[in-house]
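Peer 1: Here numbering that gives the first Met the number 0 is used: position 122 in the sequence shown is 121, and no number is missing along the way.
We put the CB at the ideal spot given by N, CA and C, even for glycine.
Since the model is a prediction, treat every value here as computed from it, not as a measurement.
Dumping the structure here so I can ask a few things about it.
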Amino acid sequence: MSGFDRIDLAFPLIQAPMAGVSTPVLAASVSDAGGLGSIGVGGADAAGARRMIAEIRERTDRPFNVNLFVHPAPRRDPAREEAWCAWLAPVFATFDMPAPALLRAPYRSFADDPEMLDMLRVVRPPVISFHFGLPPADIVAVLRAAGAVLLATATSVEEARAAEEAGMDAIIAQGIEAGGHRGMFDPAAPDDALGTFVLTRLLARQCRCPVIAAGGIMDGAGIAAALDLGAVAAQMGTAFILCPESAADAAYRAALMGPAAFHTRLTSLISGRPARALVNRFTALGDGGNVPVPPDYPVAYDAGKALNAAAKACGEAGFGAQWAGQGAPMARSMPAAQLVACLRDELAAARAEAKALPDRR
């Protein structure tokens, strides 16, 4: 039995962590329905993460996943940060707010957060996943000793091999279609921008670890295709944003249900790292040219969050981080358990349809 098999999924589905959007209620609902629910705690401190884990455990006795950001510490460059705030200043001015005078890093990498590690060692969540990189070997050893099944996002064969060498139990193959932040270990490195199905097939052939397909998968037919290419499960995030259990606000939901769903874009403007979002007023800031290099993640996010707050105070919702994958037009608004049930039925239908096809050999 592989480490991943210890999760004992009743249905080959992982609800993506989606920090800021996923909630303990959403994660517990998905887990109870037979998938693996997830929460993202990359933006939380150890105390906040502990509360979220405790709430999930109050709601379900099924396994769940806790996701952590393992990004390099940002390189602070006062001149670059000042130039970035100066470039955003005219936009802030339209909302009668000055641009921030100073920027901060709003949260720490898990690699630099011993309090988070101590908390996880004590509370022992059943599954832990990593985004943006891998923690050092000593941290991996502590989490493995605490009994956690360990997952890591990879956007390339090279990253997947590094995850395998680090002792991960499964690899999340994140295709270019995926919503939210690219999980690239080094955002400054060349990105081959591999699609979900190409990357999934490559990793299924190149790696020994089980592979989880992520990016653009929105229905049971997509899950079936991922499984046929060698994945053991599909990870789906955008599909769950419209569930009432998510923390997406009304403007985000409205945008996802409107024409913007057909137009997503990779942008570094919002946070300083490439991420796929619905096209809105924030992503459009890059259309005018002469865009300075944003500060390192997550320092740029400090400015992005401040701009969104200033805009929302004036009734403008177009500066939010409305992350979404290329499958966004297929998002459905229904309770999470009902969505999982629909996905089950769709997967069964796709399997039955494939079986009914005439033998073409």
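Count the other C-beta atoms from every protein chain shown that fall within 10 angstroms of the C-beta of G221, then say buried if there are 16 or more, exposed otherwise.
Peer 2: Position 222 of the sequence shown holds residue 221. Buried, because 16 or more other Cβ atoms sit within 10 Å of the Cβ of G221.
Peer 1: Here's the rule: buried if 16 or more other CB atoms are within 10 angstroms of the residue's CB, otherwise exposed. What is S30?
Peer 2: One-based indexing of the sequence shown puts residue 30 at position 31. S30 comes out buried.
Peer 1: On the criterion of 16 or more Cβ atoms from any shown chain inside 10 Å, does S290 qualify as buried, or is it exposed?
Peer 2: Reading the sequence shown from its first residue, position 291 is the one you call residue 290. The sequence given here places Val at residue 290; Ser does not occur at that position. Exposed, since its Cβ has fewer than 16 Cβ neighbours within 10 Å.
Peer 1: Once DSSP output is grouped into helix, strand and coil, what is the label at V292?
Peer 2: Residue 292 sits at position 293 when you count from the first residue of the sequence shown. Note: V292 maps to coil in three-state DSSP.
Peer 1: What is the DSSP secondary structure of R360, reduced to helix, strand or coil?
Peer 2: In the sequence shown, counting from the first residue as 1, residue 360 sits at position 361. Low local confidence applies: a pLDDT of 48 at R360 is under 50, so the model's placement there is unreliable, with the coordinate-based value given in what follows. In the structure shown, R360 sits in coil (DSSP, three-state: anything other than H, G, I, E or B).
Peer 1: Taking only runs that begin and end inside the region 215 to 249, name each unbroken alpha helix (DSSP H) of 4 or more residues, in chain order.
Peer 2: Listed in chain order, they are 219 to 227.
Peer 1: Runs of 4 residues minimum, wholly inside the region 186 to 217: which ones carry the alpha helix (DSSP H) assignment?
Peer 2: Within the region 186 to 217, the complete alpha helix (DSSP H) runs of at least 4 residues are 195 to 205.
Peer 1: Who are L25's beta bridge partners in DSSP?
Peer 2: Position 26 of the sequence shown, counted from the first residue, corresponds to residue 25. L25 pairs with nothing; no bridge assigned.
Peer 1: Rounded C-beta distance between C208 and A335? I'm assuming under 8 angstroms.
Peer 2: In the sequence shown, residue 208 corresponds to position 209, counting from 1. In the sequence shown, residue 335 corresponds to position 336, counting from 1. With 8 angstroms as the limit, C208 and A335 do not qualify as a contact, their Cβ atoms being about 28 angstroms apart.
Peer 1: Buried or exposed for Q337, please, with buried defined as at least 16 other CB atoms from any protein chain shown within 10 angstroms of its CB.
Peer 2: What you label residue 337 is simply residue 338 of the sequence shown in a count that begins at 1. It counts as exposed.
Peer 1: Is the region 301 to 320 touching the region 262 to 278 in the sense that three or more CB pairs, one from each, lie closer than 8 angstroms?
Peer 2: The region 262 to 278, when compared against the region 301 to 320, does touch it at the 8 angstroms Cβ threshold.
Peer 1: Taking the alpha carbon of F10 as the point to measure from, which residue in P113, A230, R264, Y251 has its own alpha carbon closest?
Peer 2: Numbered from 1 along the sequence shown, position 11 holds the residue referred to as residue 10. The shortest C-alpha separation from F10 is found at A230.
Peer 1: Write down the C-beta distance between L346 and G214 rounded to the nearest angstrom, noting that I regard them as a contact closer than 8 angstroms.
Peer 2: Here the question's residue 346 lines up with position 347 in the sequence shown. Here the question's residue 214 lines up with position 215 in the sequence shown. Rounded, the Cβ-Cβ distance is 18 angstroms, inconsistent with contact.
Peer 1: DSSP state of W86, grouped into three classes?
Peer 2: What you label residue 86 is simply residue 87 of the sequence shown in a count that begins at 1. If DSSP states are grouped into helix, strand and coil, W86 belongs with the helices.
Peer 1: Whole-angstrom Cβ separation of T301 and P105, contact assumed at under 8 angstroms?
Peer 2: Translated into positions along the sequence shown, residue 301 becomes position 302. Translated into positions along the sequence shown, residue 105 becomes position 106. With the sequence shown as reference, residue 301 is identified as Asp, and Thr is not the correct amino acid for it. About 5 angstroms separates the two Cβ atoms, so the contact holds.
Peer 1: How big is the Cα-Cα spacing for A94 and N307?
Peer 2: For the purposes of this step, residue 94 is taken as residue 95 along the sequence shown, with counting starting at 1. For the purposes of this step, residue 307 is taken as residue 308 along the sequence shown, with counting starting at 1. The sequence given here places Phe at residue 94; Ala does not occur at that position. Computed Cα separation, rounded: 10 angstroms.
Peer 1: A147 and R123 look like a contact to me (Cβ under 8 angstroms); what is the Cβ gap, rounded to whole Å?
Peer 2: Reading the sequence shown from its first residue, position 148 is the one you call residue 147. Reading the sequence shown from its first residue, position 124 is the one you call residue 123. Contact holds; Cβ gap of about 7 angstroms.
Peer 1: Could you pull the DSSP bridge partners for T154 from this structure?
Peer 2: Against the sequence shown, residue 154 aligns to sequence position 155. None, per the DSSP bridge assignment.
Peer 1: For the pair the region 73 to 82 and the region 110 to 119, tell me if three or more CB-CB distances fall below 8 angstroms.
Peer 2: Because the criterion of three Cβ pairs below 8 angstroms is not met, the region 73 to 82 and the region 110 to 119 do not touch.
Peer 1: Curious, which full-length beta strand (DSSP E) runs of at least 3 residues does the region 30 to 116 contain?
Peer 2: Within the region 30 to 116, the complete beta strand (DSSP E) runs of at least 3 residues are 36 to 39, 63 to 68.
Peer 1: With 16 other CB atoms within 10 Å as the buried threshold, where does K354 fall?
Peer 2: One-based indexing of the sequence shown puts residue 354 at position 355. With fewer than 16 Cβ atoms within 10 Å of its Cβ, K354 is classed as exposed.
Peer 1: Below 8 angstroms on the Cβ atoms is my guess for P73 versus A110; work out the distance and round it to an integer in Å.
Peer 2: As a working note, residue 73 is residue 74 in the sequence shown. As a working note, residue 110 is residue 111 in the sequence shown. The pair is not a contact, with the Cβ atoms about 13 angstroms apart (cut-off 8 angstroms).
Peer 1: What is the residue span of the beta strand (DSSP E) that L12 lies within?
Peer 2: Position 13 of the sequence shown holds residue 12. Per DSSP, L12 belongs to the beta strand (DSSP E) from 12 to 14.
Peer 1: Please name the residue in A161, L150, V156 whose C-alpha comes closest to that of I170.
Peer 2: As a working mapping, residue 170 is identified with position 171 in the sequence shown. Out of A161, L150, V156, L150 has the C-alpha closest to the C-alpha of I170.
Peer 1: From this set, E163, V197, A165, which residue's C-alpha is nearest Q173's C-alpha?
Peer 2: Sequence index remark: in the sequence shown, residue 173 carries index 174 (1-based). Nearest option by C-alpha distance: V197.
Peer 1: Assuming the contact rule is C-beta atoms closer than 8 angstroms, A38 and V69 should be a hit. Round their C-beta distance to whole Å, please.
Peer 2: Residue mapping note: residue 38 aligns to position 39 of the sequence shown, counting from 1. Residue mapping note: residue 69 aligns to position 70 of the sequence shown, counting from 1. The amino acid at residue 38 is misidentified as Ala; the sequence shows Ile. About 16 angstroms; that fails the 8 angstroms criterion.
Peer 1: Do E244 and L12 count as a contact pair if the criterion is CB distance below 8 angstroms?
Peer 2: Position 13 of the sequence shown, counted from the first residue, corresponds to residue 12. Position 245 of the sequence shown, counted from the first residue, corresponds to residue 244. No.
Peer 1: Which of the three DSSP states, helix, strand or coil, is assigned to R179?
Peer 2: In the sequence shown, the residue the question calls residue 179 occupies position 180. At residue 179 the sequence reads Gly, which differs from the Arg that was named. G179: strand per DSSP, three-state reduction.
Peer 1: Report buried or exposed for F261, applying the criterion of at least 16 other Cβ atoms within 10 angstroms of its Cβ.
Peer 2: The residue labelled residue 261 in the question sits at position 262 within the sequence shown. Flag for F261 reads exposed.
Peer 1: In angstroms, rounded to a whole number, what distance separates the CA positions of A144 and R120?
Peer 2: Against the sequence shown, residue 144 aligns to sequence position 145. Against the sequence shown, residue 120 aligns to sequence position 121. So the two alpha carbons sit approximately 8 angstroms from each other.
Peer 1: Taking G287 as the reference, which of S1, L87, A188 has the closest Cα?
Peer 2: Residue mapping note: residue 287 aligns to position 288 of the sequence shown, counting from 1. When each option's Cα is compared against that of G287, the closest is L87.
Peer 1: At which residues does the alpha helix (DSSP H) containing L133 begin and terminate?
Peer 2: What you label residue 133 is simply residue 134 of the sequence shown in a count that begins at 1. Per DSSP, L133 belongs to no alpha helix (DSSP H) and is neither H nor E.
Peer 1: Going by DSSP, what residues sit across from A169 in a beta bridge?
Peer 2: Translated into positions along the sequence shown, residue 169 becomes position 170. Paired residues: L150.
Peer 1: Which of helix, strand or coil does DSSP assign to V339?
Peer 2: Position 340 of the sequence shown, counted from the first residue, corresponds to residue 339. In the structure shown, V339 sits in a helix (DSSP, three-state: H, G or I).
Peer 1: Would a C-beta distance cut-off of 8 angstroms place F131 and G182 closer than the cut-off?
Peer 2: Along the sequence shown, read from residue 1 onward, the residue named residue 131 stands at position 132. Along the sequence shown, read from residue 1 onward, the residue named residue 182 stands at position 183. Closer than 8 angstroms, so yes.
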